[in-house]
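Using our numbering, the first residue of the sequence shown is number 32, and each one after it goes up by one.
Yeah, the Cβ is synthetic: ideal placement off N, Cα and C, and Gly gets one too.
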Amino acid sequence: MKYFIRAAKGVFILVLCMSFAAVTSDSVNKLWSVMAAAVFTLMFIRMVCKPAKIKNDNVRLRTIYFARELLIVYGWSIVLGFPFMLVSAGVLDIPFAGKLIYSVLRLLTGAVIVITSVIRLVLTSARLGVVARVVLLLTWWIPIVNIFVIAKACDTAGKEYELETQRNELFEMRKESEICKTKYPILMVHGVFFRDMKYINYWGRIPRELIRNGAEIYYGNQQSAAGVEDSARELADRIKQIVDTTGCEKVNIIAHSKGGLDARYAVSMLGADKYTASLTTICTPHRGCAFADHLLKRSSYALKYYIAQKYNDTLMRFGDINPDFLSAVSDLTEESCRLLNTTAPDREGVLYQSVGSRMWNSGSAGFPLNITYKLVAKFSPLDNDGLVDVDSMRWGESFKLIEPKTGRGISHGDMIDLFREDIPQFDVREEYVQIVSGLKARGL
32 MKYFIRAAKG
42 VFILVLCMSF
52 AAVTSDSVNK
62 LWSVMAAAVF
72 TLMFIRMVCK
82 PAKIKNDNVR
92 LRTIYFAREL
102 LIVYGWSIVL
112 GFPFMLVSAG
122 VLDIPFAGKL
132 IYSVLRLLTG
142 AVIVITSVIR
152 LVLTSARLGV
162 VARVVLLLTW
172 WIPIVNIFVI
182 AKACDTAGKE
192 YELETQRNEL
202 FEMRKESEIC
212 KTKYPILMVH
222 GVFFRDMKYI
232 NYWGRIPREL
242 IRNGAEIYYG
252 NQQSAAGVED
262 SARELADRIK
272 QIVDTTGCEK
282 VNIIAHSKGG
292 LDARYAVSML
302 GADKYTASLT
312 TICTPHRGCA
322 FADHLLKRSS
332 YALKYYIAQK
342 YNDTLMRFGD
352 INPDFLSAVS
362 DLTEESCRLL
372 NTTAPDREGV
382 LYQSVGSRMW
392 NSGSAGFPLN
402 ITYKLVAKFS
412 PLDNDGLVDV
422 DSMRWGESFK
432 LIEPKTGRGI
442 SHGDMIDLFR
452 EDIPQFDVRE
462 EYVQIVSGLK
472 ARGL
């Protein structure tokens, strides 16, 4: 029935255009043609505003569904357009002016539908990429090509709608349980070369999902690039600030990449252990990154100094007080991490655990980690996530390796929802919900 309705709406668009074209025909009563054109126009406007009936209270998902429905209907009109023209040509004696009107109206109705749909998707879809949007906008009017482009856009929007609908249903089922409402708040610590920014969240969609499941979230707010010891001092001060301000006694730290090394130093060497209930590291290079060693050894001093200076100058404009590019990279080497592991032992009373991921090959994740994957693999024979090898990620009481049973690997960036991408058999938001709910189950 759904396909029949969509096909009927596709035919409706064709009839709308034909009703205007028929005004120029001598074989059809002009008054009836004008009236039909007016009625069909009003119906078309109604269809564009509300393409389908849907029972979903989420405004964003309703918008995605409407955009997809419109594109599907327009696709039907394209597929049915050619045979429809053959049939109507034998019924209506339409002169050249009428055919021109029909062609122009087909372009206009298509433009209204596609532009309306694209605007809806641009404003609401997290899955349709920039390239896909541009291609859709530029090729919707090209015969044959537009069928495939529209079909792809509909498939992408449909998968997003289904996934998000399932997530909302899951959330409603466990809403009252607040499975992420831990005893102590969550402190999320970013990795190197990034900052905690108000409008561009380092952690993508993850914090929002944790919060709506009951979590209380804070951020490390340390500088983007500094040595482990300097970053750790900032984190230790931040932890003390949170404890003093909220009276929470302790925090649960979730740290990504170098942030895990910074957090370990703060807990082990700067007294933050008495304010820390747990430390969960995500893709952290606990045993160093061979790629960092290679970059430092192969680069000349002049090149390293030039890059560091440019980076430091740029980051100072974004708020870093004293960024130190070279110290940040140097502390990621195997030698530096070996020294850290020797001098900064784990503290009793703090739960240590780790999570990692892997890519299957250079084509199993997007740019730029598809490039760095090969470079890391060249210097370390172990599996890696595009920056860190799996063995280096292991730390603490337990280690969980995330590896979907598909051709799509999980990269270093995927673990913080860097590209806001929905990956088959992997929901990064749910992974963090399970991490935090696990802390709650342990009374932390």
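Under 6 Å Cβ to Cβ from residue i, same chain only, skipping five residues before and after it: list those, please.
i, result
"Glu209", "Gly245"
"Ala303", "Ala267, Ile270, Ala297"
Taking its Cβ as the centre, do 16 or more other Cβ atoms sit within 10 Å of residue i, making it buried, or is it exposed?
i, result
"Asp458", "buried"
"Gln456", "exposed"
"Val135", "exposed"
"Asn415", "buried"
"Ile441", "buried"
"Ser429", "exposed"
"Tyr499", "For residue 499 there is no data in the structure shown, the boundaries of the chain being 32 and 475."
"Glu195", "buried"
"Pro1", "The first residue shown for the chain is 32 and the last is 475, placing residue 1 beyond what the model contains."
"Ser331", "exposed"
"Tyr230", "exposed"
"Pro82", "buried"
"Met446", "buried"
"Pro114", "exposed"
"Leu152", "buried"
"Arg460", "buried"
"Asp448", "buried"
"Leu159", "buried"
"Tyr34", "exposed"
"Gln197", "exposed"
"Val110", "exposed"
"Cys185", "buried"
"Glu462", "buried"
"Arg369", "exposed"
If you run the structure through DSSP and keep just helix, strand and coil, what is residue i?
i, result
"Ser429", "strand"
"Ser442", "coil"
"Phe349", "coil"
"Ser148", "helix"
"Leu218", "strand"
"Ile248", "strand"
"Phe71", "helix"
"Ile175", "coil"
"Arg368", "Checking the sequence, you will find Cys at residue 368 rather than Arg. Three-state DSSP puts Cys368 in a helix."
"Tyr230", "coil"
"Pro114", "helix"
"Asn343", "helix"
"Gly141", "helix"
"Asn199", "helix"
"Phe35", "helix"
"Lys305", "helix"
"Phe398", "coil"
"Ile273", "helix"
"Trp107", "helix"
What do you reckon, are the CB atoms on residue i and residue j nearer than 7 Å?
i, j, result
"Asp227", "Tyr250", "yes"
"Ser309", "Leu92", "no"
"Arg439", "Ser395", "yes"
"Gly235", "Arg389", "no"
"Tyr96", "Tyr192", "yes"
"Asp293", "Ala339", "no"
"Val71", "Leu47", "Reading off the sequence, residue 71 comes out as Phe, not Val. The answer is yes: Cβ separation under 7 Å."
"Val162", "Val180", "no"
"Gly222", "Gly290", "yes"
"Met219", "Cys314", "no"
"Leu418", "His443", "yes"
"Ser108", "Leu45", "yes"
"Lys281", "Tyr215", "yes"
"Asn478", "Leu470", "The structure shown has nothing for residue 478, since the chain only spans 32 to 475."
"Arg37", "Ile103", "yes"
"Ile144", "Ala52", "no"
According to DSSP, what are the bridge partners of residue i?
i, result
"His325", "DSSP output for His325 lists no bridge partner at all."
"Gln384", "Thr311, Ser429"
"Ile285", "Met219, Thr311"
"Asp186", "Paired residue(s): none; Asp186 is not in a bridge."
"Phe457", "Ile454"
"Asp420", "Asn415"
Step through the CB atoms of chain B and report whether any lies within less than 7 Å of the CB of residue i.
i, result
"Ala286", "No chain B is part of this structure, which consists of one protein chain only."
Might you give, ordered along the chain, the residues of its own chain that have their beta carbon closer than 8 Å to the beta carbon of residue i, omitting 5 neighbours on each side?
i, result
"Lys436", "Gln456"
"Ser367", "Val259, Gly319, Ser361"
With a threshold of 7 Å on Cβ separation, who are the neighbours of residue i within its own chain once the five nearest residues in sequence on each side are excluded?
i, result
"Val467", "Cys211, Thr213, Ile217, Leu241, Ala246"
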